[in-house]
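Undergrad: Residue numbers (the numbering used here): 5 to 488.
Here it is: the structure, laid out below.
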Amino acid sequence: MQMQTLMRGEDVPYDDSLPLISNISTDEITPGWVCYYYDETLARYSLVGLRGGVVKKDDIKNGGFSVIVSGISKGCGSSRETAPYSELKCGVKLVIAKSIEKIYGQNSQNIGLLTSTDFGLIERIQRGESIPMHEFTDGHDPISAGIVERGGLFSYNRARLVGEATAPAITTAARPMTLAEKILAAHVITDAKTGALGVPGVQPGDAFFARTDVRFSHEYVTPMAESLFVAGLGAEAKVTDPSSVFAFRDHLTFLDLIMPKAHRDMGLDVQAKKLATVQDDFTKRQDIKLYGEVYRDGKLVGSDAICHNKVIEAIALPGQLVAGTDSHTCMAGALGCFAFGVGSTDMANAWFTKDIRVTVPETARFVLTGSLRPGVSAKDVMLHILSLPFFRSGEGIGKVLEFAGEGITKMGLDERATLTNMAVEAGSFTGIVEADEVIVDYLVAQRGLDAADVRARIVKADPGATYARVFELDLGAMVPMVAT
């Protein structure tokens, strides 16, 4: 009854004794089929995937809502920016949740959607009280605060490019650093004009713009990013260093074979095909490498590549910084690089600036010992890790997961990639494994690289580095796990 009242646009008194829905994923906010749209049409479908099927088309858009309140882990799941964008275009100004996932939170900042974990705001807003902007920026790093204050990343970057906004200098002294911190420190932009990079040290909370080595997107996201790129920079804007940018046609290749009739009746088959067309046109105009479709005897048989796999197989290297619009970009951390997912606005800006904003996350270290028993896989290890109170309580949200120990050295690349790939399922920033001879041998065999050159790129964590938590896990004690 309360839900029906809400959907009619009527206010319902806030009752904090009632449980809030937690773990509302971006897939629930904008299900996959909704993402065939990449403009304000998204507002019509906001939250239609919410469990229980209680939200219908146009309910949120027509409900007159300005605030959405939920439990822990708001915006978990994929990195799709369509989720907060759909909420914003419904007229929502503020999202309040007990905890907010990293990518969703950053995407919200980028487009001007306010977020908060302060539930005291609810009664104040209901009383009609004006909330000062600093209450939405307190606790943020200076860059994030500046983006929020200016209403989004494009506005902030326009100010940055003309000298009206400046990212603060990193003053952290040299210190023992984690693997992720060392890679980030080497990529800090210290002088945007000269391209100078690198600082002696960084620590959790430091915020800066970092030079990317690899940027990639796929057809689910490229069209929205391209529209933002043009809207923010103009139709003649060019991608900087297109040789380090890649695009993939991999998410919707076989959509024609599986699309339900109900979706076809909505015209979604036509809409979905536009995504590939827009991406193809963009990559041709910008001279970007596109891994597209594969045809044999005139018949579509597949894609050139799956983005997060191809990045490992042919693109990324140890010690690099990789930004991609796929939430499983973190999989490339198996090579010993810092790889993480970003949204459409981040990528649209990165195409032009070649940098990405980063706030140094804390790192949780997982020291693996022993060997896996027959029938037990890296997937079981990760499911065990996800069952720990550290993650079930939400404490692991936004952390880097660094996997180390003699147990990890016994794992092949595929097993390591399973661990780093699933870091996003933990709500973590990314996963990473220090590169070793397993990676050297793989890159030499796979790409024909020089072994000495690969070894020279390897970054190692410093002895004495500070970790948020350290876990020691005996692989020999692991058993097959089933996710529930």
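Built from N, CA and C at the ideal position, the CB exists for glycine as well.
(1) Under 7 Å Cβ to Cβ from C311, same chain only, skipping five residues before and after it: list those, please.
(2) Could you tell me the distance, in whole angstroms, from the CA atom of Y295 to the CA atom of Q283?
(3) Can you find at least 3 beta carbon pairs, one from the stretch 233 to 249 and one from the stretch 300 to 315, that sit closer than 8 Å?
(4) Assuming A455 is part of the alpha helix (DSSP H), what are its boundary residues?
(5) So what does L405 bridge to, in DSSP terms?
(6) Once DSSP output is grouped into helix, strand and coil, what is the label at E240?
(7) Tell me where the alpha helix (DSSP H) around K383 begins and ends.
(8) Report back the beta-carbon spacing between S120 and I100 to the nearest angstrom; my notes put them in contact at under 8 Å.
(9) From the DSSP secondary-structure annotation, give me the bridge partner or partners of R131.
(10) May I have the straight-line CA-CA distance separating K97 from R461, to the nearest angstrom?
(11) So E32 packs on L51, CB below 8 Å; how close in whole Å?
(12) For P146 and M270, I'd like the C-alpha separation in whole angstroms.
(13) Identify whether Y174 lies in helix, strand or coil by the three-state DSSP scheme.
(14) Please classify K78: does DSSP put it in a helix, a strand, or coil?
(15) In this structure, what does DSSP give as the bridge partners for H222?
(16) Within its chain, find whatever has a CB closer than 6 Å to the CB of A382; leave out the 5 residues flanking it on each side and keep chain order.
(17) Exposed or buried, what is S391 when buried is set at 16 or more other beta-carbons lying within 10 Å of its beta-carbon?
(18) Along the beta strand (DSSP E) that carries T45, what are the first and last residues, could you check?
(19) Pull the bridge partners of L294 from the DSSP assignment, please.
(20) So A98 is in the beta strand (DSSP E); what residue range does that whole segment cover?
(21) Could you compute how far the alpha carbon of A276 sits from the alpha carbon of E105?
(22) Inspect the beta-carbon positions of L376 and M482 and report whether they are closer than 8 Å.
TA: Once the coordinates are examined:
(1) F220, H222, F252, D254, G328 and D330
(2) 11 Å
(3) no
(4) A455 to R461
(5) A368 and G435
(6) coil
(7) A382 to L390
(8) 5 Å
(9) In DSSP, R131 forms no bridge with anything.
(10) 45 Å
(11) 7 Å
(12) 45 Å
(13) According to the sequence as given, residue 174 is Ile; it is not Tyr. Coil at I174, not helix or strand.
(14) strand
(15) F252
(16) E419, T422 and L423
(17) exposed
(18) Neither: T45 is in no beta strand (DSSP E) and is coded neither H nor E.
(19) A251
(20) Residue identity differs from the one stated: residue 98 is Leu in this sequence, not Ala. Taken as a continuous stretch (DSSP letters only), the beta strand (DSSP E) holding L98 covers L98 to A101.
(21) 28 Å
(22) yes
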